[in-house]
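Asker: Protein chains in written order, with the working numbering: chain A, -7 to 373; chain B, -7 to 373. Every residue gets a Cβ at the ideal spot worked out from N, C-alpha and C, and that includes glycine.
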């Protein structure tokens, strides 16, 4: 046994040495990617180059195979390393439109507003933030008078009210908003301002450390050529731009945001009502269930007002939720009547509707579920 | 520009060299961990040693900090590497009870059954599989007559029926099942067999490449000392054993499994009924929404019978689902009445019920959401 312990200790020392080398490699790699970031900032090359990323990963997967190392392991590690270098190595971006003298972000002290302020600053623009207390001050008035771009980044319930008050912008100023609904703010912007107008929805939370690989929905308002530079600028920040009509966007959001947040809310209400022991629930959960429970839990650590605003925003969505409620009741009746045959036939019908997507999800999600297995938070009981 | 391109090409070559070194490091590391795995198999040391893992990660985080490398990045990489080495380097496990001459797994050709067959084989046990066609054969009868352990691993709807037919097992034989409900199978086993009985629920799907770090629920039946070796054996496979009564287990499962699968089913029915364009939904989704949609999609690529069996299994669960349905309707009425104040007050009440857990979820889930951002499948539109 002592012999075994000695051998084990020696092997562990060897492993530790290799892991030390790994950290050194990371430090060396970061130095190189910082330089790449600098060149990209100088030349305005996009930060995220999908083809380079693909080629890099493909070569290392090949090498891994030859070396008897798992190609999937290699790819996962490289992706994680690249995510880090994207976010830490980019302190400067190219300024796409040096003719812009003044950017104003209303609500720029808020979580998502701050992300935009930071990105504009790193790109060499002059950015000022206007908050509630600044309203009506002489300095604020003169700030707006010289603004080339005004972005409304206030909470959803204040968006329209703030937009409606922007009657004094220069005719050439681009007016934009970043609210998670698009039809109403876009209409309000077009009404109050005669110049260029564009609606934006950055599809990420304030926790995202930047815009790299994130989807930003762009809803054209008026004079697209006047804000083309802004779209290009977001591309240099790494954004994946998706053009859409405000209506199409809002319809999709009803499914994605409203349904999801409301269902999560009800799940929380249900748990509170049933009052199970949370600790014992998590003990019995596999990582993917814990992830789900965590997604419910996290909602209730956030602003009730924000979620009320999102959920109550569009009464047209209530009918969608009502139909979900009805379908839930219908499916439940199948259970209460013990009608397994009807349940299975429904199941098959839905499966046909999903078609290949269902099989694709099954295959693709395997790796994802394994990743959840890695996660220490989801492991803790 | 050409100058920039040259510098960029040189930097990229440097990055490629570092990534090549990374793959070589992985190959060298795998050789060492294979040897560690062999020593552990010889001595019966547990595969997963939490303290060693903690210490290893803590030292490398420290080193990373000193080297200006992100400690979180370092930890994520090491965890991913360790997951791989746990699963690929363990081809042998110590045999905890060499006195066991015959293990029989009924339904051992099924997905989860196979995992057990593999683990017993890697631990040096003689394992035979009995499938439907083997039933009643002379060879099967003599197999059961010399069995020291019989594990029922058939689909949930056949479990009780199969158990009830096991009237002929030797009195010293341990009888176990691995169904996802525990009360009914345990009762049936205690009734049909006078020897040692234990109910098991391995809380992972057949995609998991082993038992390392996975939770296995153990429900004591009769004569625990007779199957203590089995519990110890699962520990050497890396399992995280959780003892529970069958009732407590089944109650938790009603929340975790039944609620979840049924809600997912209804969500699928809702999507089919509303018939949105799936492609355009995913375009508008951030990675975490796509994960959710993928979890819905994957259900419908699986066996309708399996999910029907799980959901219909216990009529006591229907009342729980009915109460969820009612709460959904009540919350929806708040929306339809435009009662934001009541919604917010409900929200706060639920938040108090979740207590610290909610804040913990919010903090812990940030890293997880970033991990979803890494995932290529969730990035694809």
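(1) Quick one: give me the first and last residue of the alpha helix (DSSP H) that residue 314 of chain B is part of.
(2) Sorted by chain position, which residues of the same chain lie with C-beta nearer than 7 Å to residue 205 of chain A's C-beta, five sequence neighbours on each side aside?
(3) On the DSSP bridge list, what partners appear for residue 141 of chain A?
(4) Do you know how far the Cα of residue 101 of chain B is from the Cα of residue 60 of chain A?
(5) Leaving out the 5 sequence neighbours to the left and right, which residues in its chain are closer than 6 Å to residue 335 of chain A when beta-carbon positions are compared?
(6) Quick check for students: name the residue ranges of the alpha helix (DSSP H) that lie wholly in the region 55 to 89 of chain B, counting only runs of 4 or more.
(7) Apart from the five residues just before and just after residue 202 of chain A, which ones in its own chain have a Cβ nearer than 6 Å to its Cβ?
(8) If you follow the alpha helix (DSSP H) that residue -4 of chain A is in, where does it begin and where does it stop?
(9) Does any residue of chain A bring its CB to less than 8 Å from the CB of residue 357 of chain B?
(10) Tell me, please, whether the CB atom of residue 353 of chain B is closer than 8 Å to any CB atom in chain A?
(11) Can you list, in chain order, the residues of its chain with a C-beta nearer than 6 Å to that of residue 372 of chain A? Leave out the 5 residues immediately preceding and following it.
(12) Please determine, among B/117, B/75, B/123, the residue with the shortest C-alpha to C-alpha distance to residue 90 of chain B.
(13) So if I threshold CB-CB distances at 8 Å, which residues from the region 94 to 122 of chain B count as touching chain A?
(14) Evaluate the contact criterion for the region 44 to 55 of chain A versus the region 5 to 21 of chain B: three or more CB pairs, one atom per stretch, below 8 Å.
(15) Beta carbon of residue 143 of chain B, beta carbon of residue 108 of chain B: below 8 Å?
(16) What's the call for residue 255 of chain B, buried or exposed, on a 16-neighbour Cβ count within 10 Å?
(17) For residue 243 of chain B and residue 222 of chain B, I'd like the C-alpha separation in whole angstroms.
(18) Rounding to the nearest angstrom, what Cα-Cα distance links residue 7 of chain B and residue 20 of chain B in this structure?
(19) Below 8 Å on C-beta distance, what does residue 336 of chain B contact in chain A?
(20) Between the Cα of residue 190 of chain B and those of B/166, B/271, B/57, B/73, spot the shortest distance and give me the residue it belongs to.
(21) Mapping the DSSP letters down to three states, classify residue 284 of chain A as helix, strand or coil.
(22) With a threshold of 8 Å, are at least 3 pairs of Cβ atoms found where one atom belongs to the region 246 to 255 of chain A and the other to the region 307 to 315 of chain B?
(23) Find the nearest neighbour of residue 323 of chain A within the set B/125, B/259, B/158, judged by alpha-carbon distance.
(24) Determine, using beta carbons only, whether residue 315 of chain B comes closer than 8 Å to chain A.
(25) Are the beta-carbon atoms belonging to residue 263 of chain A and residue 214 of chain A less than 8 Å from one another?
(26) Using the beta-carbon count (16 or more within 10 Å), is residue 340 of chain A buried or exposed?
(27) For chain C, is any of its Cβ atoms less than 8 Å away from the one on residue 212 of chain B?
(28) Roughly how many whole angstroms lie between the Cα atoms of residue 47 of chain A and residue 236 of chain A?
(29) Going along chain B in order, which residues have a C-beta closer than 8 Å to the C-beta of residue 83 of chain A?
(30) Give me the Cα-Cα distance between residue 219 of chain B and residue 24 of chain B, rounded to the nearest whole angstrom.
(31) So the candidates are A/125, A/208, A/162, A/171; which of them puts its Cα closest to the Cα of residue 186 of chain A?
(32) Name the chain A residues whose beta carbon is nearer than 8 Å to that of residue 340 of chain B?
(33) Relative to the alpha-carbon of residue 342 of chain B, which residue among A/289, A/94, A/344, A/305 has its alpha-carbon at the smallest distance?
(34) With DSSP collapsed to three states, give me the class of residue 355 of chain B.
(35) Grab me the residues of residue 180 of chain A's own chain with a C-beta within less than 7 Å of its C-beta, minus the 5 sequence neighbours each way, in chain order.
(36) Under 8 Å, with one C-beta from each stretch per pair, do the region 349 to 356 of chain B and the region 293 to 301 of chain A reach the 3-pair mark?
Answerer: On the basis of the supplied data:
(1) First-last of the alpha helix (DSSP H) with residue 314 of chain B: 308 to 328.
(2) 40, 230, 232
(3) Beta-bridge pairing links residue 141 of chain A to A/95, A/166.
(4) 29 Å
(5) 326
(6) 63 to 80
(7) 79
(8) -6 to 35
(9) yes
(10) yes
(11) Below a pLDDT of 50, predicted positions are generally treated as unreliable, and residue 372 of chain A, at 48, falls in that range; the measurement from the model is reported next regardless. Within the same chain, residue 372 of chain A has no close Cβ partners at all.
(12) Residue nearest to residue 90 of chain B within the set B/117, B/75, B/123 is B/117 (criterion: CA-CA distance).
(13) Cβ contacts with chain A: none found.
(14) yes
(15) A Cβ-Cβ contact shorter than 8 Å links residue 143 of chain B with residue 108 of chain B.
(16) buried
(17) 25 Å
(18) 20 Å
(19) 296, 297, 300
(20) B/166
(21) helix
(22) With a cut-off of 8 Å on Cβ pairs, the region 246 to 255 of chain A is not in contact with the region 307 to 315 of chain B, counting fewer than three such pairs.
(23) B/259
(24) yes
(25) no
(26) exposed
(27) Within the model displayed, chain C is absent; protein chains A and B are what it includes.
(28) 31 Å
(29) In chain order: nothing, as chain B lies at least about 14 Å away.
(30) 34 Å
(31) A/162
(32) 296
(33) A/289
(34) helix
(35) 152, 155, 156
(36) yes
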